[in-house]
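Working notes for the structure below.
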Amino acid sequence: MKNEQINLVIYAPYKHISFKNPVKNIIKGQKLPNKYSDLFDYLISSNKYKITLSTSLIYSFKYGQIINYLSECAHLILWVIFNKIDKKRIKYLFNKDKLNKFDVIFLLYYENLTHENKEIAENGQLLSNILKNNNSYKIVHMTHYLYNTEIGFRNLKNAKPDLLVAENNLKENSNFFKKLSVGIENYNFYNLPYVANQRFKKIISFEDRVNKLILTGSITYKIKDKNFNDFFGTNELQPLRRILHENKIKNSNEIDSMLADLDATRTTRNMQKNNIFTKIKSQHPLLGYYRENIVNIYNKYRMFAVPEEICDLPAIGFIEGMACGCVYFGSSESIYKNIGMINGVHYILFDGTEAGLVNAVREYQLKPAELSRISEAGYEFARGIMNPTNVYEEFTNYLFSKLH
Numbered sequence: 062m063k064n065e066q067i068n069l070v071i072y073a074p075y076k077h078i079s080f081k082n083p084v085k086n087i088i089k090g091q092k093l094p095n096k097y098s099d100l101f102d103y104l105i106s107s108n109k110y111k112i113t114l115s116t117s118l119i120y121s122f123k124y125g126q127i128i129n130y131l132s133e134c135a136h137l138i139l140w141v142i143f144n145k146i147d148k149k150r151i152k153y154l155f156n157k158d159k160l161n162k163f164d165v166i167f168l169l170y171y172e173n174l175t176h177e178n179k180e181i182a183e184n185g186q187l188l189s190n191i192l193k194n195n196n197s198y199k200i201v202h203m204t205h206y207l208y209n210t211e212i213g214f215r216n217l218k219n220a221k222p223d224l225l226v227a228e229n230n231l232k233e234n235s236n237f238f239k240k241l242s243v244g245i246e247n248y249n250f251y252n253l254p255y256v257a258n259q260r261f262k263k264i265i266s267f268e269d270r271v272n273k274l275i276l277t278g279s280i281t282y283k284i285k286d287k288n289f290n291d292f293f294g295t296n297e298l299q300p301l302r303r304i305l306h307e308n309k310i311k312n313s314n315e316i317d318s319m320l321a322d323l324d325a326t327r328t329t330r331n332m333q334k335n336n337i338f339t340k341i342k343s344q345h346p347l348l349g350y351y352r353e354n355i356v357n358i359y360n361k362y363r364m365f366a367v368p369e370e371i372c373d374l375p376a377i378g379f380i381e382g383m384a385c386g387c388v389y390f391g392s393s394e395s396i397y398k399n400i401g402m403i404n405g406v407h408y409i410l411f412d413g414t415e416a417g418l419v420n421a422v423r424e425y426q427l428k429p430a431e432l433s434r435i436s437e438a439g440y441e442f443a444r445g446i447m448n449p450t451n452v453y454e455e456f457t458n459y460l461f462s463k464l465h
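If you want it as structure tokens, here you go:
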């Protein structure tokens, strides 16, 4: 079994910033963070996979969509070239009729089956109709699952996924996800955690760091989804980030903040579909934040927090900061317990409130030796147990067990 290869198609990877930099940002010289780039690189480089990259596959020539079709084909090829992806390791798929030949189809839920924009989310039905009768093993990554949930989960159910993945086992640990996924009968859920890119490393000794906590991350746009708003009673995805951001002066003895308020950057411009010909002149609203040297920032401080999404998903920053030897303060025990993190050993658990975080920081400001111990254990966890090879080898073994 170990000598066999998985014939895998990665669906429309150029549509997201998650895998690699989008073409339009490369043209403008903008480097954006790609939180699944290590996963993509592992799949491309591993001899356990035959990799094919597809376009969206949803166009119909009989409705005069040949221009859109050719545009997407060109976009995918340019994306591969501009990101310097090894062309010897990949093939292209431009024809939906050939999708059935693959062992596995891997796609991101957001942009493909749902979207913040309702019209784009509705278009996800075209893909779900292609997938519903497909015999390949279908994996859907549930990143950003909270947008237009009624439309998105309708499309998800129609697509008949075999496996859902996310950075927390939402099937077990999220009441909101359980509510949304009623009616999906035959799927498994796999906890596929974040990993830290190799650029995240310890540079400054723990004793020489600022004895405070640094807040990182962004405050995302207000959530307009009715299911989300009714369930949580708020339109904030990261409500604690908002509270801490607004009270950063009051808490300045314990906490410094580099939180970026993405919602404050929102204008009245219409959201458009991403393609090679649109948004050429636009600037990413978090470009200034992304230009910060986050590795140096994590090395400057002894402690950090990136408050989780209330829909039970963590931020990638938690593992990146730990890989720099910074001590993580987290509030959702289930997220970290699932991957083997222990409160007081690898990180510090607090109650999810502003006062709880401030008090925890005050307590550990007076315990430098204990902080140093947790720093070292967290670093070893991030760089050892959670290194990309370990995480993705385990995922590959899981796939083999399901396919054979």
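For the sequence shown, the positions run 62 to 465 when my numbering is used.
Idealized CB from N, CA, C, for every residue including glycine.
Original post:
Do N252 and D99 come within 7 angstroms of each other at the CB atom, strictly closer than that value?
Top reply: Your numbering for residue 99 matches position 38 in the sequence shown. Your numbering for residue 252 matches position 191 in the sequence shown. N252 is positioned such that its CB atom lies no closer than 7 angstroms to that of D99.
Subject >> Same chain, Cβ closer than 7 angstroms to V271, neighbours up to 5 away in sequence not counted >> reply: Here residue 271 corresponds to residue number 210 of the sequence shown, with the count starting at 1. Hits under 7 angstroms: K361, Y362 and R363.
**OP:** Using the DSSP secondary-structure output, state which residues sit across from E370 in a beta bridge.
**Re:** The residue given as residue 370 occupies position 309 in the sequence shown. E370 is bridged to L374.
**OP:** Along the beta strand (DSSP E) that carries H77, what are the first and last residues, could you check?
**Re:** Taking the sequence shown and counting its residues from 1, the one referred to as residue 77 is at position 16. Note, H77: premise wrong, no beta strand (DSSP E); not H, not E.
Original post:
Rounded to a whole number of angstroms, what is the C-alpha to C-alpha distance between K152 and K273?
Top reply: Taking the first residue of the sequence shown as 1, we reach residue 152 at position 91. Taking the first residue of the sequence shown as 1, we reach residue 273 at position 212. The straight-line gap from Cα to Cα measures roughly 49 angstroms.
Original post:
What is the C-beta distance between K96 and I377, in whole angstroms, given that I count them as a contact (C-beta under 8 angstroms)?
Top reply: Against the sequence shown, residue 96 aligns to sequence position 35. Against the sequence shown, residue 377 aligns to sequence position 316. About 5 angstroms; that satisfies the 8 angstroms criterion.
Subject >> Option nearest K199 by Cα separation, candidates E268, Y72 and H306 >> reply: Taking the first residue of the sequence shown as 1, we reach residue 199 at position 138. K199 has its Cα closest to that of Y72, out of E268, Y72 and H306.
**OP:** Pair every Cβ in the segment 452-459 with every Cβ in the segment 381-394, then say whether three or more of these pairs are closer than 8 angstroms.
**Re:** Three or more beta-carbon pairs separated by less than 8 angstroms are not found between the segment 452-459 and the segment 381-394, which leaves the two stretches without contact.
Subject >> Paired residues, beta bridge with V388 - DSSP >> reply: As a first step, residue 388 is located in the sequence shown; it is residue number 327 there, counting from the start. M364, per the DSSP bridge assignment.
**OP:** Take the Cβ of S279 as the centre, count every other Cβ of all protein chains shown within 10 Å, and call the residue buried at 16 or more, exposed below.
**Re:** By one-based count along the sequence shown, residue 279 stands at place 218. So S279 ends up on the buried side.
Original post:
What number of angstroms, rounded off, separates the C-alpha of I78 from the C-alpha of I87?
Top reply: Position 17 of the sequence shown, counting from 1, holds the residue named residue 78. Position 26 of the sequence shown, counting from 1, holds the residue named residue 87. One C-alpha to the other measures close to 11 angstroms.
Original post:
Quick one: what's got a C-beta closer than 6 angstroms to F400's C-beta in the same chain, skipping five residues either side?
Top reply: Here residue 400 corresponds to residue number 339 of the sequence shown, with the count starting at 1. It is worth fixing the name first, because residue 400 is Ile in this sequence and not Phe. For I400, same chain residues with a beta-carbon under 6 angstroms away, outside a window of 5 residues either side, are P254 in chain order.
Subject >> DSSP state of H205 mapped onto helix, strand, coil >> reply: If you number the sequence shown from 1, residue 205 lands on position 144. It is coil, neither helix nor strand.
**OP:** Kindly identify the DSSP beta-bridge partner or partners of N249.
**Re:** Working through the sequence shown from its first residue, we reach residue 249 at position 188. Answer is L224, bridged to N249.
Original post:
Taking Cβ positions, are F261 and V356 nearer each other than 7 angstroms?
Top reply: The residue given as residue 261 occupies position 200 in the sequence shown. The residue given as residue 356 occupies position 295 in the sequence shown. Inclusion of F261 and V356 in the CB contact set at 7 angstroms is warranted, their separation being smaller than that value.
Original post:
According to DSSP, is N18 helix, strand or coil?
Top reply: No answer is possible for residue 18: it lies beyond the span of the chain, which begins at 62 and ends at 465.
Original post:
Does the ligand ADP have even one heavy atom less than 6 angstroms from the beta-carbon of A220?
Top reply: Looking at this structure, you won't find the ligand ADP or any other ligand, since it has none at all.
**OP:** Kindly indicate which three-state DSSP category E454 falls into: helix, strand or coil?
**Re:** The residue given as residue 454 occupies position 393 in the sequence shown. Looking at E454 - three-state DSSP - the assignment turns out to be helix.
**OP:** Given a cut-off of 7 angstroms, decide if L374 and L35 are closer than it, judged by their beta-carbon atoms.
**Re:** No answer is possible for residue 35: it lies beyond the span of the chain, which begins at 62 and ends at 465.
Subject >> As assigned by DSSP and simplified to three states, the class of Y199 >> reply: Taking the first residue of the sequence shown as position 1, residue 199 is located at position 138. The residue asked about is misnamed: residue 199 is Lys in this sequence, not Tyr. Of the three classes helix, strand and coil, the one that applies to K199 here is strand, per DSSP.
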